[in-house]
Amino acid sequence: MLLQKWSPKSLLLSCRNNASISKLHALMITSGFSINPPQLIAAYARTGAIHIAHKLFDNLPNRAVDSWNALIIAHSRLNTPSQVISLYREMISSRIRPDSSTFTVAIKACATSLDLESGREIWRDAVECGYRGDVFVASSVLNLFVKCGEMDEAMRVFDGMGRRDVVSWSTVIAGLVRSGRAWEALEVYRRMREDGLEGDGVVMLGLIQACACVGDLRIAASVHGYLICRLICVDDVVVETSLVDMYAKNGRLDLALIIFRRMRLRNVVSWSALISGYARNGNPGDALMLLVEMQSHGFEPDSASLVGALLACSDLGFSRPGSEIHGFVVRRGLQTDRAVETALVDTYAKCGSLPRARALFKGASARDGILYNAMIAGYGIHGRGEEALSVFRRMIVARTRPDHATFASLLSALSHSGMVDEGRYWFNAMIRDYKVEPMEKHYVSLVDLLARGGRVEEARGLVEDTGCKPGIAVWVALLSGCLNHNKILVGEVAAKKVLELKPNCPGIYTLVSNFFAATKNWEEVSTVRRAMRAAGMKKVPGYSVAEVSGKLHAFRVEDKSHPEYEQILGILEGMEPKMRDLGYVPNTEAVLHRVEDEEAKVKMLRNHSERLAIAFGILKTRPGTRLLITKNLRVCGDCHEAIKFMSIVAGREIVVRDAKRFHHFKNGSCSCSDYW
DNA sequence: ATAGGGTTAG
1 MLLQKWSPKS LLLSCRNNAS ISKLHALMIT SGFSINPPQL IAAYARTGAI HIAHKLFDNL
61 PNRAVDSWNA LIIAHSRLNT PSQVISLYRE MISSRIRPDS STFTVAIKAC ATSLDLESGR
121 EIWRDAVECG YRGDVFVASS VLNLFVKCGE MDEAMRVFDG MGRRDVVSWS TVIAGLVRSG
181 RAWEALEVYR RMREDGLEGD GVVMLGLIQA CACVGDLRIA ASVHGYLICR LICVDDVVVE
241 TSLVDMYAKN GRLDLALIIF RRMRLRNVVS WSALISGYAR NGNPGDALML LVEMQSHGFE
301 PDSASLVGAL LACSDLGFSR PGSEIHGFVV RRGLQTDRAV ETALVDTYAK CGSLPRARAL
361 FKGASARDGI LYNAMIAGYG IHGRGEEALS VFRRMIVART RPDHATFASL LSALSHSGMV
421 DEGRYWFNAM IRDYKVEPME KHYVSLVDLL ARGGRVEEAR GLVEDTGCKP GIAVWVALLS
481 GCLNHNKILV GEVAAKKVLE LKPNCPGIYT LVSNFFAATK NWEEVSTVRR AMRAAGMKKV
541 PGYSVAEVSG KLHAFRVEDK SHPEYEQILG ILEGMEPKMR DLGYVPNTEA VLHRVEDEEA
601 KVKMLRNHSE RLAIAFGILK TRPGTRLLIT KNLRVCGDCH EAIKFMSIVA GREIVVRDAK
661 RFHHFKNGSC SCSDYW
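Read in the UniProt record's numbering, the first sequence has 345 at position 345, and its numbers run on one by one without any break.
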């Protein structure tokens with residue numbers, strides 16, 4: 001009765017659990033109904049009874065392609081790629097000829113497990129069987145090559161395809177984006193439209209990621225506008241999340257937030273994208289608040305959102321929030337997650353807890369290149385060049401391949417520690433022995449290294465024969481070396497180049513202006529100020545933050561708004577004679593304003609935000625407590641000298657984290673070999 | 001009847 005009214009297939013499809021399939025199966029047998037084995041295998045597998053599917057398959061008298069496919073596809077759905085591949089091999093040795101779906105699924109399994117070799121083998125089989133022109137098979141091969149980073153090979157397959165559909169196009173677009181060829185991705189999209197195809201959600205996703213990569217907000221706006229006009233991808237969480245991410249990556253947190261708040265459906269990934277957007281754009285407080293807010297909406301933070309939040313903690317510079325997240329990570333059992341582990345090492349290092357960073361690094365479940373890089377960078381910002389080098393050596397011994405980021409961190413560590421010759425040596429070794437192409441950032445480090453060490457002429461020579469045209473960052477490094485070593489002639493060349501290259505951040509204008517101020521070239525100083533205003537940039541006000549019993553206190557220059565300003569100033573004034581007795585001489589040259597009165601200059605130096613924050617710390621903590629201060633800009637040269645003496649007079653260890661690195665002051669000396 | 005492409009993070 002039941003069987004007469006409905007087809008066996010639709011009945012099987014309606015079964016929600018294997019008990020009902022078994023019943024139906026029995027009914028079919030007793031009523032002499034013909035059973036289609038592949039359908040039955042698929043039905044059991046769908047309800048999770050893969051072992052029954054296997055049993056049925058094993059008992060089949062003769063197994064045709066469809067039965068093999070049913071089982072292989074079942075494993076593909078279960079995401080067990082190794083099973084898929086071994087079933088495929090079994091099938092081949094049983095001399096069954098695979099069809100388009102077998103090849104498609106088998107190659108997909110290779111892509112999932114990044115098994116390029118098996119993938120190539122199966123693709124050869126497919127071509128032999130005449131499936132070279134099959135859109136499904138070819139698209140899965142495209143994806144295989146994309147996933148395995150073989151973009152050129154993917155392009156060759158793509159160019160050889162007779163028919164292409166939206167999946168093949170989107171695979172290539174996404175692949176180009178992943179391999180950093182975003183402009184080409186946009187070009188491929190244009191070709192797709194010329195072919196008369198409309199993009200779907202996945203294509204749009206690729207385009208949005210391409211925009212995130214190239215950082216061109218006009219293209220982004222047109223893609224976004226296109227989605228709105230055509231009313232496509234509405235409520236598509238993945239596409240909308242990528243829009244949030246794209247705007248956040250390009251510094252448009254305002255737009256990212258609007259889209260995020262308007263989304264009808266959000267998931268953990270949407271929250272993570274927003275959190276890391278805030279963290280990356282210097283809004284650590286908001287990032288951490290979002291982590292709390294996502295939980296109040298019932299979303300459990302995953303490793304990505306925690307990594308984003310840790311990024312915010314390292315920006316903040318105080319270790320307490322980071323330790324709290326560390327505790328959360330341990331309670332959730334996420335401490336062995338690769339990204340989380342690395343982010344913790346990075347956060348502790350950047351929050352001044354180098355020993356904790358080192359302990360986590362030593363106890364890490366496994367060490368990959370990125371973890372080594374984080375530890376090398378961690379030592380680097382603390383001016384521990386020797387230790388950075390020793391981690392690098394251990395990395396080599398462990399046969400972990402150093403990459404461009406490793407050398408960037410290593411060179412910068414050596415530079416901050418004044419290890420000039422080692423820096424030159426490793427720069428050459430990078431190219432010669434490790435086959436890492438030097439990028440702009442490596443040249444920047446090297447120029448910085450030489451200029452910092454006073455070897456300005458040598459640095460200039462290097463800038464001039466880098467082969468390619470040196471970018472602004474290289475000239476900036478040279479200029480700051482010149483400023484600190486009073487090299488006026490080379491400095492003027494560098495300053496001119498920097499201005500020609502149109503700096504896009506206020507800090508660079510400030511550097512140039514400081515250089516001219518140091519050479520008393522007040523005319524140029526005002527020219528630079530005008531250029532800065534014309535470019536629509538304002539000087540970022542400097543501020544320092546002190547942490548006192550878990551609370552943060554921020555100070556600006558001459559911050560009279562603080563209720564305890566008088567006491568703070570009293571402490572600084574009280575310390576000064578003792579500092580002078582020990583040999584401190586205020587370097588009024590460091591006052592880069594046109595002020596004639598010496599006493600006024602000394603007063604200005606005394607009011608620098610880092611000193612106010614330190615004095616506040618001395619005022620509010622028990623004698624002997626270590627002080628941690630963070631500053632958003634670089635510490636001034638005179639403060640650097642003064643804090644050495646303050647550490648003796650106050651009997652404190654003082655740690656200052658500025659925009660670039662850590663300075664550990666203790667008993668009158670600093671961890672850095674020289675200030676710059 | 002079955003099959004290919006998707007978001008965040010170190």
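A virtual CB, placed ideally from N, CA and C, is assigned to each residue, including glycine. Remember, predicted model here, so these are calculated numbers, not experimental data.
Worksheet item: With distances taken between CB atoms, is the gap from Ile571 to Leu612 smaller than 7 Å?
Response: No, the pair does not count as a contact, with Cβ atoms beyond the cut-off.
Worksheet item: Under a three-way DSSP split, which group does His25 fall into?
Response: If DSSP states are grouped into helix, strand and coil, His25 belongs with the helices.
Worksheet item: By Cβ distance below 8 Å, which residues in the same chain neighbour Arg384 in space, the five residues on each side in sequence not counted?
Response: Excluding five sequence positions before and after Arg384, the CB atoms of its chain that fall closer than 8 Å to its own CB belong to Leu354, Ala413, Ser417 and Ser671, given in chain order.
Discussion item. Suppose the cutoff is 7 Å on Cβ atoms and the five residues either side in sequence are ignored; what does the same chain contact list for Lys539 look like?
Written reply: Cβ within range, chain order: Pro506 and Thr510.
Discussion item. So, does the region 517-526 touch the region 539-549, judging by three or more C-beta pairs under 8 Å?
Written reply: In short, these stretches do not touch, since the Cβ pair count stays below three.
Practice prompt. For Asp200, I'd like the list of residues in its chain whose CB is within less than 6 Å of its CB, leaving aside the five on either flank, ordered along the chain.
Written response: The beta carbon of Asp200 lies closer than 6 Å to those of Val166 in the same chain, with the five residues before and after it left out.
Worksheet entry | Straight-line gap, Asp99 to Asp134 (C-alpha atoms, nearest Å) | Using only the alpha carbons, I get a separation of about 10 Å.
Item to complete: Could you check what DSSP says for His664 in three-state terms: helix, strand or coil?
Response: Note: His664 maps to strand in three-state DSSP.
Worksheet item: Which whole-angstrom value describes the C-beta separation of Met263 and Ala212, a residue pair presumed to lie in contact below a C-beta threshold of 8 Å?
Response: Wrong, their Cβ atoms sit about 17 Å apart, outside the cutoff.
Practice prompt. Starting from the Cα of Arg580, find the closest Cα among Lys644, Ala256 and Met91 and give me that residue.
Written response: Per the Cα distances, Lys644.
Fill in: Within 7 Å, strictly: CB atoms of Val244 and Met204
In this structure, Val244 sits away from Met204, with a CB-CB distance that is not shorter than 7 Å.
Worksheet item: In whole angstroms, what separates the C-alpha of Asp216 from that of His51?
Response: One alpha carbon belongs to Asp216, the other to His51, and they sit about 52 Å apart.
Practice prompt. State the start and end residues of the unbroken beta strand (DSSP E) segment that holds Cys631.
Written response: The amino acid at residue 631 is misidentified as Cys; the sequence shows Lys. Lys631 -> beta strand (DSSP E) spans Leu627 to Lys631.
Discussion item. Does the structure place the region 619-627 close enough to the region 647-665 that three or more beta carbon pairs sit under 8 Å?
Written reply: Short answer: they touch.
Item to complete: Please say whether Leu87 and Ile41 have beta carbons closer to each other than 7 Å?
Response: Contact check for Ile41 against Leu87 fails: the beta carbons are separated by 7 Å or more.
Worksheet item: Do you know how far the Cα of Ala494 is from the Cα of Gly481?
Response: Taking the straight line joining both Cα atoms gives about 10 Å.
Worksheet item: So Thr104 packs on Ser82, CB below 8 Å; how close in whole Å?
Response: That belief does not hold up - the Cβ atoms of Thr104 and Ser82 are roughly 17 Å apart, past 8 Å.
Fill in: CA-to-CA distance, Lys560 to Ser609, given in whole angstroms
Approximately 11 Å, taken between the alpha carbons.
Worksheet item: So Ala408 packs on Ser365, CB below 8 Å; how close in whole Å?
Response: Going by Cβ atoms, the distance from Ala408 to Ser365 rounds to 26 Å, so no, they are not a contact pair.
Fill in: Bounding residues of the alpha helix (DSSP H) (the contiguous stretch that carries Leu552)
For Leu552, there is no enclosing alpha helix (DSSP H); the residue is found in the beta strand (DSSP E) stretching over Lys551 to Arg556.
Practice prompt. Could you tell me whether the Cβ atoms of Ala256 and Gly282 are closer together than 7 Å?
Written response: Their beta carbons are not under 7 Å apart, which means Ala256 does not touch Gly282 by this criterion.
Practice prompt. Note down, in chain order, each residue of its chain lying with its Cβ closer than 6 Å to the Cβ of Lys631, except the 5 sequence neighbours on either side.
Written response: For Lys631, where only same-chain residues beyond five positions count, the Cβ hits under 6 Å are Ser544, Glu610 and Asp658.
Worksheet item: Roughly how many angstroms separate the alpha carbons of Arg77 and Ser170, rounded to a whole number?
Response: Each residue's alpha carbon lies about 22 Å from the other.
Discussion item. Looking at the secondary structure, which residues open and close the beta strand (DSSP E) in which Tyr543 lies?
Written reply: Its beta strand (DSSP E) spans residues Tyr543 to Val548.
Discussion item. Taking the beta carbon of Leu306 as the centre, do at least 16 other beta carbons fall within 10 Å, making it buried, or is it exposed?
Written reply: Buried, because 16 or more other Cβ atoms sit within 10 Å of the Cβ of Leu306.
Fill in: Ala221 vs Val177 beta-carbon contact at 7 Å
Taking the C-beta atoms as reference points, Val177 is found no nearer than 7 Å to Ala221.
Item to complete: Would you kindly report the start and end of the unbroken beta strand (DSSP E) that includes Val493?
Response: That residue, Val493, is in no beta strand (DSSP E); its alpha helix (DSSP H) goes Ile488 to Glu500.
Fill in: DSSP three-state assignment for Cys211, whether helix, strand or coil
In the structure shown, Cys211 falls within a helical segment according to DSSP collapsed to helix, strand and coil.
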